[in-house]
Every structure is written in structure tokens, then in C-alpha cells.
Amino acid sequence: MPQRPPARAGDAVAHIETPALVVELDAFERNLERMAEATRSIRLRPHAKSHKCAEIARAQIARGAVGVCCQKTDEAVAFVGAGVRDVLVTNEVVTPAKIVRLAEMAREATIGVLVDSAVNVLALSTAATTAFRSTSISRSTSARIAAA
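And the structure:
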């Protein structure tokens, strides 16, 4: 049996089953425009943890954001699967299976991941090399890792 949506456009607030994301569209559009205007000169990458919604991410990107940030590999998978083509995972990814998933997603989108050790960088590089057969870590990245 398919899951019933908690609400439909036009439903009275009292009839909405929670939890549900409810958006006042005029305020939403106004806020998107204000954020876009305030960040025209920078590469905005909003964190999607507040909305976890591909439609909102695409609306942000349509107004100038370069992509989105997310916290987990599964969130990145969901955004890439929904058409978001630039995702930064803002948490270290160390589990071998998740590293492979990131590398495989990089065939469809630009994937970034934060790291805190050279060992993690090498694991990510190895997975990317396996996935693409031609990827390596740049000298500048290696130098920064060695200096850390």
C-alpha cells in the first residue's frame, strides 16, 4: 500500500498530519531572492540539512547557488538521484562502502567530501582511481596534507 502524503496544497493547517514540511510560497520565494541577491559575489553552497528537499535545493541552485552541502553519504545519494549535480558532504566519510558510493556518484555529479587525515584522502583517492581509472591527488593537496 503506498504511503499517503501528510497534506496537499490548499489543506487547512488543522488537517495536516505531522511531521510535514509546510511552505508559505510567497515568503519562500522572497527569501530565495533575498539570499541570492545577498550572495551574488560569492560561491554559495547552502546546507540542505534544514530542508532535505531536492526541489528546494534546485530552487536555490536556479538562483545562483553552486550546489548544496549535506551531512551524510545517503543524503548525497538522494540529492544526486534527484538531479543536484554538485554536492559537498560536510562530514568525514571513512567507511569503505560509503567511500565507494561517493566515488561512483562522482560519475554523475561533482562530489566533494571533507577530510581530517591523509589516510582518508588516500582511501578516497584509491576509490576514485578505481571508479575512473585516471584520478589522482594533486600536488597542492598532497603538500597541504603533508604539512598538516
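The numbering of the sequence shown is our numbering, which starts it at 1 and goes up by one. Ideal Cβ placement from N, Cα and C applies to all residues, glycine included.
The secondary-structure analysis by DSSP pairs Leu-88 across a beta bridge with Cys-69, Gly-112. The distance from the Cβ of Arg-45 to that of Leu-114 is about 12 angstroms, inconsistent with a contact at the 8 angstroms cut-off. For Glu-17, the closest of Ala-27, Glu-33, Glu-29, Arg-4 by C-alpha to C-alpha distance is Arg-4. Within 10 angstroms of the beta-carbon of Gly-67 lie 16 or more other beta-carbons, which makes it buried. In the three-state reduction of the DSSP assignment, His-15 falls in the helix class, which pools H, G and I.
Exposed is the label assigned to Val-119, since fewer than 16 other Cβ atoms lie within 10 Å of its Cβ.
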